[in-house]
Structures are given as structure tokens and as C-alpha cells.
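Asker: Each residue of the sequence shown is one higher than the last, beginning at 202 in our numbering.
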Amino acid sequence: MTTSTGCMALGTKGPGNLQAPKAEAFISTTITTYLAKYGQEGHGIMKQCLGGWLDPLQLEREPEPTSIERSVSSQAVASGAGIFWEVLTFSLGIHLSPKDKKYLQPLLDVASRIVANTNDYFSWKCERDGGGKICNTIKYLIAKEGQSEQQAKETLKEFVLEDEQNYRFLSEQFSRDAPIHIRKYVSMVQLLLGGYHTWCATCDRYKVEETGKDLSIICIGEGNNNASLQYCTNTILDDSALLDPVNYIQSLPSKDMRSKIIDALNIWFQLPEQPLDIIKDTVNDVHNSTLILDDIQDSSALRRGFAATHHVFGSAQCINSATYMIAQAAARLLALHAQFPGIMSVFLEGLKTLALGQSWDLNWRSTGYLPSISEYMSMIDGKTGSMFEMGARIMCGLSSRIVPLAELNELTCLLGRWYQIRDDYQNLQDERYTAQKGFCEDLDEGKLSYPIIVSCNADPKTRRIIMGILRQRQEGTILALGVKLQILNLIRRTGALKQTWEMLRKLEGEVKASLEALETVTGEPNPLFRAVVKLLGGVPKP
Numbered sequence: 202m203t204t205s206t207g208c209m210a211l212g213t214k215g216p217g218n219l220q221a222p223k224a225e226a227f228i229s230t231t232i233t234t235y236l237a238k239y240g241q242e243g244h245g246i247m248k249q250c251l252g253g254w255l256d257p258l259q260l261e262r263e264p265e266p267t268s269i270e271r272s273v274s275s276q277a278v279a280s281g282a283g284i285f286w287e288v289l290t291f292s293l294g295i296h297l298s299p300k301d302k303k304y305l306q307p308l309l310d311v312a313s314r315i316v317a318n319t320n321d322y323f324s325w326k327c328e329r330d331g332g333g334k335i336c337n338t339i340k341y342l343i344a345k346e347g348q349s350e351q352q353a354k355e356t357l358k359e360f361v362l363e364d365e366q367n368y369r370f371l372s373e374q375f376s377r378d379a380p381i382h383i384r385k386y387v388s389m390v391q392l393l394l395g396g397y398h399t400w401c402a403t404c405d406r407y408k409v410e411e412t413g414k415d416l417s418i419i420c421i422g423e424g425n426n427n428a429s430l431q432y433c434t435n436t437i438l439d440d441s442a443l444l445d446p447v448n449y450i451q452s453l454p455s456k457d458m459r460s461k462i463i464d465a466l467n468i469w470f471q472l473p474e475q476p477l478d479i480i481k482d483t484v485n486d487v488h489n490s491t492l493i494l495d496d497i498q499d500s501s502a503l504r505r506g507f508a509a510t511h512h513v514f515g516s517a518q519c520i521n522s523a524t525y526m527i528a529q530a531a532a533r534l535l536a537l538h539a540q541f542p543g544i545m546s547v548f549l550e551g552l553k554t555l556a557l558g559q560s561w562d563l564n565w566r567s568t569g570y571l572p573s574i575s576e577y578m579s580m581i582d583g584k585t586g587s588m589f590e591m592g593a594r595i596m597c598g599l600s601s602r603i604v605p606l607a608e609l610n611e612l613t614c615l616l617g618r619w620y621q622i623r624d625d626y627q628n629l630q631d632e633r634y635t636a637q638k639g640f641c642e643d644l645d646e647g648k649l650s651y652p653i654i655v656s657c658n659a660d661p662k663t664r665r666i667i668m669g670i671l672r673q674r675q676e677g678t679i680l681a682l683g684v685k686l687q688i689l690n691l692i693r694r695t696g697a698l699k700q701t702w703e704m705l706r707k708l709e710g711e712v713k714a715s716l717e718a719l720e721t722v723t724g725e726p727n728p729l730f731r732a733v734v735k736l737l738g739g740v741p742k743p
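1. What is the residue span of the alpha helix (DSSP H) that residue 452 lies within?
2. Per DSSP, what kind of secondary structure is residue 716 in: helix, strand or coil?
3. Across which residues does DSSP place residue 508 in a beta bridge pair?
4. Contact check, residue 488 vs residue 588 under 8 angstroms by CB: the rounded distance?
5. Could you tell me the alpha carbon to alpha carbon distance between residue 644 and residue 594, rounded to whole angstroms?
6. If you follow the alpha helix (DSSP H) that residue 575 is in, where does it begin and where does it stop?
7. For residue 398, which three-state DSSP category applies?
8. Just to confirm, does residue 724 get its C-beta within under 7 angstroms of one of the non-hydrogen atoms of the ligand ZN?
9. Tell me, to the nearest whole angstrom, how far the beta carbon of residue 788 is from that of residue 737; I am working on the premise that it is less than 8 angstroms.
10. Go through the segment 315-401 residue by residue and report every complete run of the alpha helix (DSSP H) that reaches 4 residues or more, in order.
11. Suppose the cutoff is 8 angstroms on Cβ atoms and the five residues either side in sequence are ignored; what does the same chain contact list for residue 572 look like?
12. Assuming residue 656 and residue 692 are in contact, meaning their beta carbons sit under 8 angstroms apart, how far apart are those beta carbons, in whole angstroms?
13. Could you tell me whether the segment 506-522 touches the segment 445-453, using the rule of 3 or more Cβ pairs below 8 angstroms?
14. Helix, strand or coil for residue 404, going by three-state DSSP, please let me know.
15. Assuming residue 453 and residue 463 are in contact, meaning their beta carbons sit under 8 angstroms apart, how far apart are those beta carbons, in whole angstroms?
16. What residue range is occupied by the uninterrupted alpha helix (DSSP H) comprising residue 734?
17. Measuring alpha carbon to alpha carbon, tell me which residue in 349, 533, 742 is nearest residue 369.
18. Let me make sure I understand the geometry here. Which of 586, 548, 308 has the alpha-carbon closest to that of residue 286?
19. Any idea what DSSP makes of residue 299, helix, strand or coil?
20. The alpha helix (DSSP H) spanning residue 669 covers which residue range?
21. Tell me whether the segment 517-526 and the segment 606-620 touch, counting them as touching only if at least three CB pairs, one residue from each stretch, are closer than 8 angstroms.
22. Is the beta carbon of residue 523 sitting closer than 8 angstroms to the one on residue 557?
23. Using a threshold of 8 angstroms, state whether the C-beta atoms of residue 729 and residue 465 are closer than that.
24. Exposed or buried, residue 559, counting other C-beta atoms within 10 Å across all chains shown (16 or more means buried)?
25. Nearest to residue 664 by CA position, among 680, 678, 695, is which residue?
26. Taking DSSP as the reference, what is the three-state secondary structure of residue 470?
27. What does the Cβ neighbour count give for residue 574, buried or exposed, with the cut at 16 atoms within 10 Å?
28. Can you say whether residue 570 is buried or exposed, counting buried as having 16 or more other CB atoms within 10 angstroms of its CB?
29. Near residue 412, which residues of its chain fall below 7 angstroms by C-beta distance, leaving aside the five closest residues on each side in sequence?
30. Take the Cβ of residue 364 as the centre, count every other Cβ of all protein chains shown within 10 Å, and call the residue buried at 16 or more, exposed below.
31. Which of the three DSSP states is assigned to residue 651 in this structure?
32. Ordered along the chain, which non-local residues of its own chain (more than five positions away) have a Cβ less than 8 angstroms from that of residue 480?
33. What first and last residue would you give for the alpha helix (DSSP H) that runs through residue 589?
34. Find out if the Cβ-Cβ distance for the pair residue 371, residue 535 is shorter than 8 angstroms.
35. Count the CB pairs spanning the segment 338-348 and the segment 287-298 that are closer than 8 angstroms, and state whether there are at least three.
36. If distances are taken between C-alpha atoms only, which option among 718, 329, 459, 662 comes closest to residue 607?
Written as C-alpha cells, this is what we have:
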């Protein structure tokens with residue numbers, strides 16, 4: 202049976218001018234075997250896989266890829282990785298519906314990149330020395346990006362390791378509530394990738410030199426620039442060191458205000474429980490990450506009445522874990538990206554805005570610059586308001602309900618300003634804040650909070666004294682109690698605490714008005730959001 206005959210038997214289109222006799226013979230033999238041995242099931246798997254074998258052979262490869270992404274994509278197609286997933290389905294005896302396949306596609310795209318890049322990594326020496334046409338991403342990195350051979354291999358290695366992490370994060374999302382056959386398939390794809398890696402590392406085709414070492418696992422080399430392959434043990438390090446700071450910050454007492462706000466917004470968006478939980482987890486991951494980093498940047502000793510995370514696990518470990526939390530948050534949304542492609546842009550834009558706001562808060566503190574009220578409000582919009590806005594806009598992207606974005610952004614912006622200035626006020630005024638964070642902790646940090654900015658802009662003499670004290674403070678040391686009381690008295694004398702309280706009343710009124718406007722536009726009263734407003738309101742006068 203020729204390949205064309207096999208295609209006719211399967212009811213598929215033939216390969217045309219196929220310039221690969223050995224491949225043609227292999228395909229013909231395989232088709233015959235499967236049809237004879239597996240009957241209708243064999244017919245199905247061959248029909249599904251035939252395109253995966255033939256298309257790469259006929260594909261007109263672009264002479265030279267124009268980007269690293271196109272090179273990897275081209276290699277993924279040329280490797281025929283798609284047939285792996287069909288054969289795996291067949292071997293597991295499960296059926297994947299078109300809906301299942303669409304659901305799994307983001308995961309399989311990552312897996313296909315791993316297959317292509319793993320193959321290119323291990324086959325490079327063979328291709329380079331073989332004298333034929335080289336189709337390998339390492340070639341692109343050398344020719345187009347000016348990397349040395351070793352640098353190119355290291356780059357490709359990083360691609361593989363990064364995608365392996367991406368696969369792990371995605372698979373965790375799939376595994377939560379997916380049907381049993383999906384969970385089984387996802388776990389077996391991971392085993393297939395490990396097996397393929399080992400095969401590439403050991404097969405004769407890629408000319409791996411014998412070393413005489415007893416080998417348990419061969420893996421992509423770590424930290425040795427003089428060898429293309431490394432031998433490593435099968436010792437697996439757990440993630441306790443990574444997750445200890447994460448679990449600690451999550452264990453501290455919290456009002457969980459952001460989750461309450463997301464629940465309140467869902468009165469309008471009507472999202473089901475699963476995507477709503479993903480949004481909550483995403484926002485909380487970002488929030489807790491910023492708390493860990495804030496405490497390090499502020500040299501804070503306490504967080505919610507307990508030792509700050511970096512005082513337990515060290516700054517370096519906590520920075521690493523905080524970075525992981527951002528990656529984890531992104532992975533949560535990545536699971537929804539195929540169905541809702543706009544949400545990752547919203548997430549990344551929110552992270553950028555948050556970092557921009559934080560950058561000015563840190564800059565003013567280190568340079569001793571006194572911002573205007575307008576500048577401070579803009580900083581709050583980035584540092585605090587963007588977190589609320591991010592959650593709301595992600596909800597908007599996932600919901601079929603229409604909620605006016607302009608009015609929604611106004612509400613989240615006002616809420617962010619109210620929330621932050623309320624925090625500034627209570628840090629200097631509220632005994633509960635003293636118990637949880639220390640007396641006037643913002644002064645220890647050299648933070649230019651709203652009351653300080655109002656006070657310093659109101660009176661030049663007060664400005665010189667307060668700004669002078671803050672400039673002379675020692676990083677990471679607590680100001681003397683008498684100095685704190687001196688600053689607090691200056692703030693009170695200029696009327697800044699009273700003005701801050703009046704601003705809180707004003708912002709509370711604006712939040713209520715914005716909420717009423719949204720209730721009117723949507724035709725949906727929101728008692729949950731009103732409960733949040735009531736919870737944040739009622740701040741006592743100074």
C-alpha cells in the first residue's frame with residue numbers, strides 16, 4: 202500500500218508531491234498495521250495523525266525565520282508534535298471531544314514547544330556536523346541574534362525550563378475541577394515529555410558519547426558551560442523554601458477586603474464560582490506579593506501585629522517568593538487566556554501601573570521630594586487603585602453582562618484613594634494600627650503620607666522641620682518617641698489631620714455617589730458594595 206492508497210482508505214487527502222520516500226514507506230506500513238490490528242479504532246487514530254505526519258513533510262518552510270517565536274513555532278510544526286497528543290489519547294483509551302481539545306489547546310501549545318526545543322537542543326551537534334540543511338532554533342540564535350553556540354544552547358535550555366514551569370502551572374489549574382479523563386490526559390502528557398527528553402538525551406541518533414557512568418536521569422545541563430549534557434541525580438527538591446513566606450503572609454489575620462469587593466462587584470457581573478475564585482486568587486497573590494515587598498522596602502518590623510515576613514525568612518528569600526506569587530497569578534489567568542484573550546493584557550497593564558505608582562512613592566522617600574496633593578493622588582491611583590481596577594476589568598473581560606467601564610473605573614479609582622488616605626490617617630490616629638504596626642510607623646519608614654503632605658504644604662516652617670527629620674533618619678531604625686510626638690503635634694497644629702478627615706468624608710460621599718450611578722445604569726442595586734462602604738466608613742474625627 203502506498204501513502205496515497207492509505208490516504209484514500211482513510212478518506213483523507215493525499216500528500217501530493219511527497220519528497221520523502223523513507224517517510225512514505227514508513228507511513229504506508231504504519232497505516233497498514235493499524236488498520237489490520239485495531240480495526241475502526243486504528244482507522245480513527247491514523248486519520249487523526251496522518252496530517253501530523255504528512256503536513257510537516259510538505260510544508261514550505263520559510264527560508265529564514267524572522268523571529269525567535271516563528272523559529273520555535275516552525276520547529277513545533279516540523280517536529281510533528283501534534284501526533285504525540287493524538288497517539289497518547291489512543292494509547293490511554295480515552296476520547297477527547299472537540300470541546301475538550303479546545304480546552305486543552307493552551308496546554309498542548311506549551312507541550313509542543315517543549316518537544317520542539319528539546320529536540321533542537323539535543324540534535325544540534327548532529328545537525329551541525331551532518332552536512333545537510335540545518336533547521337534548528339539554535340541556528341537562528343547564532344545567525345540572527347549574534348549569540349555564540351554555547352550562548353544559543355543556554356538560551357534554548359532556558360526556553361525549555363521556562364515552558365516546563367508554564368506547563369506545571371497550567372496543569373495545576375486544569376487539575377482542580379477538570380473531569381477525570383482530562384486530569385489523566387494532562388498528567389500523562391507530562392510523563393510523555395519526560396520520556397521524550399530522556400530519549401533525546403540517550404538515543405544513538407543524536408550521538409551522545411558514552412561516559413561509563415551509571416545513569417538514572419539525563420537532563421539539560423545546569424551551570425556547566427563546557428558540556429552540552431550533564432548528568433544529574435534523581436533527587437527532587439520540594440517547594441517548601443519557596444512557599445514558606447507565601448504561606449506565612451497568607452496565614453496572617455486579614456479582613457480580606459479585596460475579596461469582599463470582588464464579591465460585591467459580582468452582583469453586576471454574575472460570574473460563576475470557578476472564574477470568580479480564580480480572580481480572587483489572582484488579586485490576592487498580587488496583593489500579598491506587594492505586601493511582602495512593601496515591608497522589605499519600608500523596613501517594616503510588623504505586619505498585622507506579627508513579625509513581617511522578611512523578619513522570619515530573610516529579605517532575599519522573600520523577594521524570590523514574592524516574584525513567584527506574581528508568576529502564579531499570571532498562570533491562573535493563563536488557563537483562561539484561550540477563551541478570554543484580553544485578560545492577560547489587563548493583568549500586565551495592571552502590574553505595570555502598580556509598579557509605576559510604587560516607584561514614585563519610593564522615589565519621593567529617597568530623594569526627599571515633597572509632592573503636591575495632585576501628584577500624591579496620581580501615585581495612589583497607581584499603587585492602590587490599580588489593584589481594584591485590575592480585578593474589576595478582569596471580571597468585565599470574563600462576563601457576558603455589560604457594565605459601563607468608565608463608571609466602573611471611576612468607582613475603583615475613588616475607592617483606591619479613599620482606602621489609601623484612610624490608611625494614612627489611621628496610621629497616625631488609630632490605636633488598633635499602633636497595636637498592629639507600631640506607633641506612627643509611617644514616620645519610621647519616612648513615608649510621605651497624605652497628612653504629612655498637607656501639613657508641609659500648608660506651612661513652610663513645619664515643612665522644613667518635618668522634611669529635615671525624615672531626611673536625617675537612619676534607614677531601618679525607629680524614630681524616638683519624642684520625635685514622633687513632635688511631628689504629630691506639628692501635623693495637628695497645621696490642621697492637616699482635620700483636613701485629612703474631611704477629605705475622607707468627601708471621598709466617602711463620592712464613592713457613594715459613584716455607586717448609586719452604577720446601580721442606576723445597571724438597574725441592579727448592590728447591597729454588598731454598600732456593606733463594604735459602611736465597613737470602611739465611620740472614621741472618627743481627630
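Backbone N, C-alpha and C define an ideal beta-carbon position, used for all residues, glycine too.
Answerer: Considering the structure as presented:
1. If you number the sequence shown from 1, residue 452 lands on position 251. 441-452 is the span of the alpha helix (DSSP H), which, as asked, contains residue 452.
2. The count along the sequence shown starts at 1 and reaches residue 716 at position 515. Here DSSP, grouped into helix, strand and coil, assigns residue 716 to helix.
3. To locate residue 508, count along the sequence shown from 1; it is residue 307. Paired residue(s): 503.
4. Start at 1 with the first residue of the sequence shown, and residue 488 comes out as number 287. Start at 1 with the first residue of the sequence shown, and residue 588 comes out as number 387. Going by Cβ atoms, the distance from residue 488 to residue 588 rounds to 6 angstroms, so yes, they are a contact pair.
5. Here residue 644 refers to the residue found at position 443 of the sequence shown. Here residue 594 refers to the residue found at position 393 of the sequence shown. The straight-line gap from Cα to Cα measures roughly 34 angstroms.
6. Start at 1 with the first residue of the sequence shown, and residue 575 comes out as number 374. It spans 574-581 - the alpha helix (DSSP H) in which residue 575 sits, taken as one unbroken run.
7. Translated into positions along the sequence shown, residue 398 becomes position 197. Residue 398 falls in the helix class under three-state DSSP.
8. Ligands are entirely absent from the displayed structure, and the ligand ZN is therefore not among its contents.
9. Any property of residue 788 remains undetermined from this structure, which presents the chain solely from 202 to 743.
10. 338-346, 350-378
11. Here residue 572 refers to the residue found at position 371 when the sequence shown is read from its first residue. Closer than 8 angstroms at the Cβ level, and outside the excluded window around residue 572, lie 561, 565, 580, 649, 654.
12. On the sequence shown, residue 656 is found 455 positions in, with the first residue counted as 1. On the sequence shown, residue 692 is found 491 positions in, with the first residue counted as 1. Yes, residue 656 and residue 692 are in contact; Cβ-Cβ is about 5 angstroms, under 8 angstroms.
13. yes
14. Your numbering for residue 404 matches position 203 in the sequence shown. Reduced to three states, the DSSP call for residue 404 is coil.
15. Within the sequence shown, residue 453 is the residue found at index 252, counting from 1. Within the sequence shown, residue 463 is the residue found at index 262, counting from 1. So it is not a contact: roughly 20 angstroms between Cβ atoms.
16. Working through the sequence shown from its first residue, we reach residue 734 at position 533. Element bounds for residue 734: 728-737.
17. Here residue 369 is taken as the residue at index 168 of the sequence shown, counted from 1. Check the Cα spacing between residue 369 and each of 349, 533, 742: the tightest is with 533.
18. Locating residue 286 in the sequence shown gives position 85, counting from the first residue. For residue 286, the nearest C-alpha among the options comes from 308.
19. Counting from 1 along the sequence shown, the entry for residue 299 is found at position 98. Here residue 299 sits in helix by DSSP.
20. The residue given as residue 669 occupies position 468 in the sequence shown. Residues 661-673.
21. no
22. Here residue 523 corresponds to residue number 322 of the sequence shown, with the count starting at 1. Here residue 557 corresponds to residue number 356 of the sequence shown, with the count starting at 1. No, these two residues do not count as a Cβ contact at 8 angstroms.
23. Walking along the sequence shown from the start, residue 729 turns up at place 528. Walking along the sequence shown from the start, residue 465 turns up at place 264. Yes. Within cutoff.
24. Start at 1 with the first residue of the sequence shown, and residue 559 comes out as number 358. Result: buried.
25. By 1-based counting over the sequence shown, the position of residue 664 is 463. Out of 680, 678, 695, 695 has the C-alpha closest to the C-alpha of residue 664.
26. Stepping through the sequence shown from its first residue, residue 470 is reached at position 269. In this structure, residue 470 counts as helix in the three-state DSSP scheme.
27. For the purposes of this step, residue 574 is identified with residue 373 of the sequence shown, where counting begins at 1. Exposed, since its Cβ has fewer than 16 Cβ neighbours within 10 Å.
28. Translated into positions along the sequence shown, residue 570 becomes position 369. Its Cβ having fewer than 16 others within 10 Å, residue 570 is exposed.
29. The residue labelled residue 412 in the question sits at position 211 within the sequence shown. Its pLDDT being 42, under 50, residue 412 is placed unreliably in this model, and the coordinates cannot settle the point.
30. Stepping through the sequence shown from its first residue, residue 364 is reached at position 163. Classification of residue 364: buried, given that the 10 Å Cβ count is 16 or more.
31. As a position in the sequence shown, residue 651 is number 450, starting the count at 1. DSSP places residue 651 in helix when its eight states are reduced to three.
32. Looking up residue 480 in the sequence shown gives position 279. Answer for residue 480: 463, 472, 592, 595, 596, 599, listed in chain order.
33. Within the sequence shown, residue 589 is the residue found at index 388, counting from 1. Where residue 589 is concerned, the enclosing alpha helix (DSSP H) stretches over 587-599.
34. Along the sequence shown, read from residue 1 onward, the residue named residue 371 stands at position 170. Along the sequence shown, read from residue 1 onward, the residue named residue 535 stands at position 334. Yes; because the gap between Cβ atoms is below 8 angstroms, this pair is in contact.
35. no
36. Taking the first residue of the sequence shown as 1, we reach residue 607 at position 406. Of the listed residues, the one whose Cα sits closest to residue 607 is 718.
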